[in-house]
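**Student:** Provided herewith is a single structure, encoded as structure tokens, for subsequent inquiry.
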Amino acid sequence: PDPETLLRRLRWERPLRGSAPSAEGTDLRSRLALWTLNEAELLGITGRGALSAQARALLNEGEEAAAALLAPLLPEPLDHVLLQADLTAVAPGPLERPLAETLSVLADVESKGGATVYRFTPGSVRRALDAGQAAADLHAFLAAHSRTPVPQPLSYLIDDVARRHGHLRIGAASAYVRCDDEAVLNEILADRRSTGLRLRRLAPTVLASQADPGSLLEALREMGYAPAAESAEGDVLITRAGARRTPPRTPPVPVPEG
Numbered sequence: 219p220d221p222e223t224l225l226r227r228l229r230w231e232r233p234l235r236g237s238a239p240s241a242e243g244t245d246l247r248s249r250l251a252l253w254t255l256n257e258a259e260l261l262g263i264t265g266r267g268a269l270s271a272q273a274r275a276l277l278n279e280g281e282e283a284a285a286a287l288l289a290p291l292l293p294e295p296l297d298h299v300l301l302q303a304d305l306t307a308v309a310p311g312p313l314e315r316p317l318a319e320t321l322s323v324l325a326d327v328e329s330k331g332g333a334t335v336y337r338f339t340p341g342s343v344r345r346a347l348d349a350g351q352a353a354a355d356l357h358a359f360l361a362a363h364s365r366t367p368v369p370q371p372l373s374y375l376i377d378d379v380a381r382r383h384g385h386l387r388i389g390a391a392s393a394y395v396r397c398d399d400e401a402v403l404n405e406i407l408a409d410r411r412s413t414g415l416r417l418r419r420l421a422p423t424v425l426a427s428q429a430d431p432g433s434l435l436e437a438l439r440e441m442g443y444a445p446a447a448e449s450a451e452g453d454v455l456i457t458r459a460g461a462r463r464t465p466p467r468t469p470p471v472p473v474p475e476g
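If you read the sequence shown in our numbering, its first letter stands for residue 219, the second for the next number, and so on.
Written out as structure tokens, the structure reads:
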């Protein structure tokens with residue numbers, strides 16, 4: 219049936235749903251129905267206003283029958299790509315899911331069409347390394363899934379990015395302890411009372427903690443140490459004791475005579 223026939227049937231079956239129907243089909247319910255029809259045709263569920271063969275099989279016989287009808291119409295997924303010397307890879311057809319997922323992390327899609335072109339960049343290789351892959355894993359993956367030899371520029375790119383990857387580390391810490399005497403820090407780490415502070419050595423003379431500075435200061439004092447708090451600039455913070463002021467004198471009350 220044509221879309222207008224379907225809209226009329228929808229209004230008849232569900233008259234209370236949606237707003238008042240518009241003659242031009244611009245109300246929300248009509249627009250949603252038209253969008254659904256367009257998407258169904260794009261996905262192959264319908265064609266020329268009728269259900270496709272695979273859609274009928276899905277409704278009447280189940281998923282296996284629908285898949286059997288669709289299989290001859292779809293290209294067979296590929297398990298390989300063609301690596302090029304210009305840091306690109308060409309997929310001449312749809313790829314198997316594991317290969318496509320890994321390649322989408324390792325490279326950026328440059329163009330799509332009958333064949334998909336992927337481009338390897340320092341950023342894409344770094345993305346794969348951030349995902350937990352090692353340089354050796356990337357080399358083995360490309361060698362196993364390429365019908366052409368792995369180009370030297372691509373191998374150099376992977377090795378270069380891997381060599382610089384992870385030299386800088388970013389983490390979070392609420393407070394730190396620093397001391398020129400490494401033995402004192404070793405003593406603090408060995409003390410069981412410091413377990414709750416979650417201390418971690420960042421450098422020979424620096425410990426990081428997940429406790430806030432105030433809690434860390436009090437805990438170390440309770441352990442018998444005499445730490446001093448410092449500002450963000452590294453200056454020692456001076457804590458002034460609250461001044462005690464003499465209370466004001468009460469004026470004398472005259473004593474009545476007699």
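Think of the CB as a built atom: it goes at the ideal place given N, C-alpha and C, for glycine as much as any other residue.
On a predicted model such as this, the values are computed, not experimentally measured, just so you know.
Would you list the one or two residues that DSSP bridges to residue 326?
**Tutor:** As a working mapping, residue 326 is identified with position 108 in the sequence shown. Looking at the DSSP assignment, residue 326 forms a beta bridge with 337.
**Student:** With DSSP as the reference, please indicate the residues paired to residue 427 in a beta bridge.
**Tutor:** Here residue 427 corresponds to residue number 209 of the sequence shown, with the count starting at 1. Residue 427 pairs with 393.
**Student:** Verify whether the separation of the beta carbon atoms of residue 429 and residue 380 is less than 8 Å.
**Tutor:** Taking the sequence shown and counting its residues from 1, the one referred to as residue 429 is at position 211. Taking the sequence shown and counting its residues from 1, the one referred to as residue 380 is at position 162. Taking 8 Å as the cut-off, the Cβ atoms of residue 429 and residue 380 do not count as close.
**Student:** Determine, using beta-carbon pairs with one atom in the region 289-298 and one in the region 348-358, whether at least three such pairs fall under 8 Å.
**Tutor:** The region 289-298 vs the region 348-358: no contact.
**Student:** With residue 303 and residue 369 assumed to form a contact (beta carbons below 8 Å), what rounded beta-carbon distance in angstroms separates them?
**Tutor:** Here the question's residue 303 lines up with position 85 in the sequence shown. Here the question's residue 369 lines up with position 151 in the sequence shown. Their Cβ separation, rounded to whole angstroms, is 4 Å, which keeps residue 303 and residue 369 in contact under 8 Å.
**Student:** Let me know if residue 385 comes out buried or exposed under the rule of 16 or more other beta-carbons within 10 Å of its beta-carbon.
**Tutor:** Within the sequence shown, residue 385 is the residue found at index 167, counting from 1. Looking at its Cβ environment, which holds fewer than 16 other Cβ atoms inside 10 Å, residue 385 is exposed.
**Student:** According to DSSP, what are the bridge partners of residue 231?
**Tutor:** Within the sequence shown, numbered from 1, the residue matching residue 231 stands at position 13. Per DSSP, none; premise fails for residue 231.
**Student:** In the DSSP assignment, what residue or residues form a beta bridge with residue 419?
**Tutor:** Position 201 of the sequence shown, counting from 1, holds the residue named residue 419. Residue 419 pairs with 425.
**Student:** Contact defined as beta carbons within less than 8 Å: I believe residue 333 pairs with residue 310. What is the distance between those atoms, to the nearest angstrom?
**Tutor:** Against the sequence shown, residue 333 aligns to sequence position 115. Against the sequence shown, residue 310 aligns to sequence position 92. Contact between residue 333 and residue 310 holds, with the beta-carbon distance rounding to 5 Å and staying under 8 Å.
**Student:** Can you give me the C-alpha to C-alpha distance between residue 447 and residue 423, rounded to a whole angstrom?
**Tutor:** Your numbering for residue 447 matches position 229 in the sequence shown. Your numbering for residue 423 matches position 205 in the sequence shown. Straight-line Cα distance between these residues: approximately 16 Å.
**Student:** For residue 307, write down the residues that DSSP places opposite it in a beta bridge.
**Tutor:** Here residue 307 refers to the residue found at position 89 of the sequence shown. For residue 307, which the question treats as bridged, DSSP gives the partners 301, 336.
**Student:** Can you name the start and end residues of the alpha helix (DSSP H) that residue 361 belongs to?
**Tutor:** Taking the first residue of the sequence shown as position 1, residue 361 is located at position 143. Note, residue 361: alpha helix (DSSP H), 353-363.
**Student:** For residue 411, which residues in the same chain have their Cβ closer than 8 Å to its Cβ, ignoring the five residues on either side in sequence?
**Tutor:** Reading the sequence shown from its first residue, position 193 is the one you call residue 411. Cβ neighbours of residue 411 beyond the five flanking positions: 437, 440, 441.
**Student:** Might you give, ordered along the chain, the residues of its own chain that have their beta carbon closer than 8 Å to the beta carbon of residue 365, omitting 5 neighbours on each side?
**Tutor:** Here residue 365 refers to the residue found at position 147 of the sequence shown. Contacts found: 298, 299, 300.
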